[in-house]
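Q: First the structure, which I've put down as structure tokens, then a few questions once you've had a look.
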Amino acid sequence: MTEKREYRDDYTDKKLYIPGPTEVREDVIDAMAQPMFGHRMDRMTDLYTTIVEDTKEFLGTDNDVIILTGSGTEFWEASTLNLVDENILVATCGSFSERHANVAERLGKNVDTIDYEWGNAVKPEDIREALETSDKHYDVVAVVKNESSTGVRNPIEEIGDVVDEYDDTYFVVDAVSSLGGDYVDIDEHGIDVLFASSQKAFAMPPGLAICVVSDEAYERELEKDEASWYGGFQRCLDYYDRKGQTHSTPAIPIMLAYRKQMKHMLDEGHEARDERHREMAEYTREWAREHFAMFPEEGYESQTVSCIENTQGIDVAETVAKVNEQYDMAFSSGYGDLSEESFRIGHMGEHDIESIKELTDAIEDVADL
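To convert, note that position 243 of the sequence shown is 243 in the UniProt record's numbering; the numbers rise steadily by one, no gaps.
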């Protein structure tokens, strides 16, 4: 049985280079410290409509946006309940895409998978073959954009173009660990549902789930006899249209932080933010190839999380611990069975090349590279 461990007031702050949560601006943290107000007041309408419409502007989408208290995991469940009657096709290439398939199975759906070895990316031609040759109709094709367990960035644009050719099959994208740090034209590539979490490349405190929903996905839910209650597209979007608020009590302080950070993101611009993340990713890959090797398939490396293969046989756990202790920087060992075979650097949010170089210098020192 787990025993209580009392939270203290004397922890040392660590600079975060993990795959999320990531660093949060001081003024964004300060924005949460406001007097509480009611979630049915006009002030809440001002706040919620601001963050929803600012998010649409930042992402450059005409689709609807839902922002709910919760993690992106909420929309694994909700999109499955809202769109799938029977069959869903999930492409798996790491832990989080495998978990998406598991969620659908636990919800009682018929799940087929296209399974890739960890480190490899999903290929559009495999999706096409599965759709063309199956004797089933798939209500949904689900793909993770950024598989943070392996550092793979899947080509969701090309996959979306394939799925868009099949009537009544909806494309659901888990963009939890990349949205805001890796540009995607959601509307152009037929993405019906795309969801993310606030604590990753948005560089906000944890606690909010962001979901972009196409008109077609909304209409699809209207045809179904059952759907998610909390994350129902109709319930969320109709309430927003009527009241400009959330249907259930939200985490108001985190939404205040969201408002502040989204203004920063709009000031920077989506394309400039994408370019900054690309530069960080390129620097990290060059460093990794100089000292180690990249774990993902070449040409499919993530723009927000680098998974680096431990070709030098360093003690990853010890290195992570020493960098944490000596430099007050936190990065991650490999995920699951990859814990000593690889390590991961999160270069997302408000980091830049200089701050990433501080970490790589620290790793070089501790690991004697």
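Each residue gets a CB set at the ideal place from its N, CA and C atoms; glycine is no exception.
Quick check on Thr-249: buried or exposed, where buried means 16 or more other Cβ atoms within 10 Å of its Cβ?
A: Exposed.
Q: Can you tell me which of Thr-80, Phe-295, Gly-94, Ala-251 puts its alpha carbon nearest to the alpha carbon of Pro-205?
A: Nearest C-alpha to Pro-205: Ala-251.
Q: Say the cut is 7 Å; is the CB of Glu-318 nearer than that to a heavy atom of the ligand ZN?
A: Only the bare structure without any ligand can be found here, which leaves the ligand ZN out of the picture.
Q: Around the Cβ of Leu-89, are there at least 16 other Cβ atoms within 10 angstroms (buried) or fewer (exposed)?
A: Answer is buried; the Cβ neighbour count reaches 16.
Q: In chain order, what residues of the same chain have a beta carbon less than 7 Å from the beta carbon of Thr-69, not counting five sequence neighbours either side?
A: Only Gly-207, Leu-208, Pro-250, Ala-251 meet the Cβ criterion.
Q: Should Ile-114 and Ala-78 be called a contact, given that it needs their Cβ atoms to be closer than 8 Å?
A: Against a cut-off of 8 Å, the Cβ pair of Ala-78 and Ile-114 comes out as no contact.
Q: Where do the ends of the beta strand (DSSP E) carrying Gly-346 lie?
A: Residues 342-346.
Q: For Met-41, count neighbouring C-beta atoms within 10 Å of its own C-beta (all shown protein chains included) and say buried if the count is 16 or more, exposed if not.
A: Classification of Met-41: exposed, given that the 10 Å Cβ count is below 16.
Q: Is DSSP giving Arg-153 helix, strand or coil here?
A: Of the three classes helix, strand and coil, the one that applies to Arg-153 here is strand, per DSSP.
Q: Considering just the uninterrupted stretch of the alpha helix (DSSP H) at Ser-198, what are its terminal residues?
A: Where Ser-198 is concerned, there is no enclosing alpha helix (DSSP H), given that its DSSP letter is neither H nor E.
Q: Under 8 Å by Cβ, that's how I've got Ser-197 and Ser-71 pegged, so tell me the actual separation to the nearest angstrom.
A: Right, their Cβ atoms sit about 5 Å apart.
Q: Only counting the same chain, and skipping five residues up and downstream in sequence, which positions put a Cβ closer than 6 Å to that of Lys-56?
A: Here the set comprises Val-65.
Q: Taking the beta carbon of Lys-145 as the centre, do at least 16 other beta carbons fall within 10 Å, making it buried, or is it exposed?
A: Buried, by the Cβ-count rule.
Q: Which residue comes first and which comes last in the beta strand (DSSP E) that contains Ala-142?
A: Run containing Ala-142: 140-144, per the beta strand (DSSP E) assignment.
Q: For the alpha helix (DSSP H) containing Asp-102, name the first residue and the last one.
A: The residue you asked about is not Asp; residue 102 is Asn in the sequence shown. First-last of the alpha helix (DSSP H) with Asn-102: 95-106.
Q: Compute the Euclidean distance between the alpha carbons of Gln-234 and Arg-153, then round it to the nearest angstrom.
A: Rounded to whole angstroms, Gln-234 to Arg-153 spans 31 Å at the Cα level.
Q: Check whether the Cβ atoms of Ser-306 and Gly-151 lie closer than 8 Å to each other.
A: A contact, by the Cβ cut-off of 8 Å.
Q: Trp-76: which of Phe-171, Glu-364, Asp-215 sits nearest, CA to CA?
A: Out of Phe-171, Glu-364, Asp-215, Phe-171 has the C-alpha closest to the C-alpha of Trp-76.
Q: On a CA-only basis, which of Thr-360, Asp-241, Val-162, Leu-179 is nearest Glu-271? Give me that one, please.
A: Selected option, being the one with the closest Cα: Leu-179.
Q: Output the distance between the C-alpha atoms of Leu-101 and Val-111, rounded to the nearest integer angstrom.
A: Leu is not the amino acid found at residue 101; the sequence shown has Ala there. If I take the Cα positions, the gap works out to 7 Å.
Q: In chain order, what residues of the same chain lie with their CB nearer than 8 Å to the CB of Asp-126, ignoring the 5 residues before and after it?
A: So the qualifying residues of the chain are Ala-91, Ile-114.
Q: Between Val-193 and Ala-217, which are expected to be in contact by the criterion C-beta below 8 Å, what is the C-beta distance as a whole number of angstroms?
A: About 5 Å; that satisfies the 8 Å criterion.
Q: Please name the residue in Cys-211, Val-52, Ile-345 whose C-alpha comes closest to that of Met-294.
A: Selected option, being the one with the closest Cα: Ile-345.
Q: Along the chain, where does the alpha helix (DSSP H) that runs through Phe-292 open and close?
A: Taken as a continuous stretch (DSSP letters only), Phe-292 belongs to no alpha helix (DSSP H), as it is neither H nor E.
Q: Thinking C-alpha only, which one of Met-255, His-277, Ala-142 is nearest Gly-181?
A: Per the Cα distances, His-277.
Q: Could you give the first and the last residue of the continuous beta strand (DSSP E) run that contains Asn-110?
A: Where Asn-110 is concerned, the enclosing beta strand (DSSP E) stretches over 110-115.
Q: If we ignore side chains and look at the alpha-carbon of each, how far apart do Ile-363 and Lys-224 end up?
A: If I take the Cα positions, the gap works out to 53 Å.
Q: Tell me which residues share the same chain as Ile-186 and place their Cβ nearer than 7 Å to its Cβ, disregarding the 5 neighbours each side in the sequence.
A: Same-chain partners within the cutoff: Leu-59, Thr-61, Asn-63, Leu-194, Val-212.
Q: Thinking just about the alpha-carbon of each residue, which of Val-28, Pro-296, Phe-96 is nearest to the one in Arg-173?
A: The sequence given here places Val at residue 173; Arg does not occur at that position. Nearest C-alpha to Val-173: Phe-96.
Q: In the DSSP assignment, what residue or residues form a beta bridge with Leu-266?
A: BP columns for Leu-266 are empty, so no partner.
Q: What residue does the beta strand (DSSP E) around Val-173 start on, and which one ends it?
A: Segment 170-174, the beta strand (DSSP E) holding Val-173.
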